[in-house]
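Residue numbers (our numbering), protein chains in the order written: chain A, 3 to 118; chain B, 832 to 945. Everything below concerns the one structure shown next.
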Amino acid sequence: NAGVTQTPKFRVLKTGQSMTLLCAQDMNHEYMYWYRQDPGMGLRLIHYSVGEGTTAKGEVPDGYNVSRLKKQNFLLGLESAAPSQTSVYFCASLPGGLTAYNSPLHFGNGTRLTVT
Amino acid sequence: AQSVTQPDIHITVSEGASLELRCNYSYGATPYLFWYVQSPGQGLQLLLKYFSGDTLVQGIKGFEAEFKRSQSSFNLRKPSVHWSDAAEYFCAVAFTGGGNKLTFGTGTQLKVEL
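This is how it looks when you write it as structure tokens:
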């Protein structure tokens, strides 16, 4: 099993450009999350999904959109990138149900995005 | 809204010394509490978790944490720190009925002096 795979690993964008970050998990997990990590800010939840076809806003959703068309994939989109979106982005997943938190969050290795 | 506070941004300890990293949460419901560790350039790894029962929980790498409901705290401890423990440590909390969201603290960067 590959676990949680994020692509790309690195990306540089110019202000105003758009891009999509892909998160794929092969563990049949129900819950998926997108976090951004910034120095001194910890991990902040952008959007999350509790199942195929569902998404919800997290703590810092502005400027991002997400889609969960397939259970195994969770896409994070930036429609018009801004320098404030320079960050490291982590995807994570959890199995569903009442025992979801008995399992640790499974993290991808991150995507380092720079917006100039 | 649920929140997590890690008051110490940086901590430096000598190898072999004891360690305590502080974590406080706010919310009224029963919490699920976690400690994660992140080595440079890596994702996060779960150290330990608390759901219910014994308030002192043991984790991997010799770490333990104690849940104190009266203080809304979940401090991480290790009796003797090793140089390889240098990393960033994150406390996280989730709540029943909280929409399956984990909220992370801002992290504590641990430096170990040899």
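The beta-carbon is built from N, C-alpha and C at its ideal position, and this holds for glycine as well. Predicted model, so just to flag it, every value in this text is computed and none were measured.
Using a Cβ-Cβ distance cut-off of 9 Å, determine whether residue i contacts chain A.
i	result
L905 of chain B	It is worth fixing the name first, because residue 905 of chain B is Phe in this sequence and not Leu. No, F905 of chain B does not count as interfacial toward chain A.
T934 of chain B	yes
Q842 of chain B	Correcting the residue type first, residue 842 of chain B is Ile in the shown sequence and not Gln. Not an interface residue.
G893 of chain B	no
K880 of chain B	yes
Y867 of chain B	yes
L941 of chain B	no
T886 of chain B	no
G938 of chain B	yes
Beta-carbon of residue i versus every beta-carbon of chain B: anything under 9 Å?
i	result
N111 of chain A	yes
Y91 of chain A	no
R46 of chain A	yes
M29 of chain A	no
G42 of chain A	yes
E54 of chain A	no
P10 of chain A	no
G65 of chain A	no
L139 of chain A	Nothing about residue 139 of chain A can be reported from this structure: the residues present for chain A run from 3 to 118 only.
G60 of chain A	yes
Measure the CB-CB distance between residue i and residue j and report whether it falls below 9 Å.
i	j	result
C93 of chain A	Y33 of chain A	no
S167 of chain A	Q19 of chain A	The structure shown does not extend to residue 167 of chain A, since chain A is modelled only from 3 through 118, so no value can be given for it.
Y856 of chain B	L864 of chain B	yes
V868 of chain B	F921 of chain B	yes
K909 of chain B	E895 of chain B	yes
L941 of chain B	T836 of chain B	no
E851 of chain B	L945 of chain B	no
L877 of chain B	L24 of chain A	no
H173 of chain A	L96 of chain A	No information on residue 173 of chain A is available, as it lies outside the stretch 3 to 118 that chain A covers here.
L887 of chain B	F898 of chain B	yes
A848 of chain B	S911 of chain B	yes
Please indicate yes or no: does the CB of residue i lie closer than 8 Å to some heavy atom of the ligand NAD?
i	result
T861 of chain B	In the structure shown, the ligand NAD is absent, as is every other ligand, since no ligand is present at all.
Who does residue i pair with in a DSSP beta bridge?
i	result
K880 of chain B	B:F865
H108 of chain A	A:S95
T854 of chain B	Note on identity: in this sequence residue 854 of chain B is Cys, with Thr being the wrong assignment. In DSSP, C854 of chain B forms no bridge with anything.
F935 of chain B	B:A923
F12 of chain A	A:R114
N906 of chain B	B:E897
L47 of chain A	A:Y37
A848 of chain B	DSSP, once it has assigned bridges, lists no residue as partnering A848 of chain B.
Here's a check: name, in chain order, each residue in its chain whose Cβ is nearer than 7 Å to the Cβ of residue i, leaving out the five neighbours to either side.
i	result
S903 of chain B	N855, Y856, S857
V14 of chain A	T116, T118
L80 of chain A	S20, M21, G65, Y66, Q87
Closer than 6 Å by C-beta to residue i: which residues in its own chain qualify, once you throw out the five before and the five after it? Chain order, please.
i	result
Y37 of chain A	L45, L47, F92
A4 of chain A	D28
G60 of chain A	L47, I48, H49, Y50
G893 of chain B	K909
P85 of chain A	V117
Which same chain residues end up closer than 8 Å to residue i when comparing Cβ atoms and leaving out the 5 residues on each side of it in sequence?
i	result
T56 of chain A	R70
G936 of chain B	V835, T836, Q837, C854, F921, C922, A923
K16 of chain A	A83, V117, T118
S51 of chain A	Y33, M34, Y35, T57, A58, V68, R70, F76
F109 of chain A	V6, F92, C93, A94
Applying the 10 Å Cβ sphere with the 16-neighbour rule, what's the burial state of residue i?
i	result
E811 of chain B	Outside the displayed span of chain B (832 to 945) sits residue 811 of chain B, for which this structure offers no information.
T939 of chain B	buried
G874 of chain B	buried
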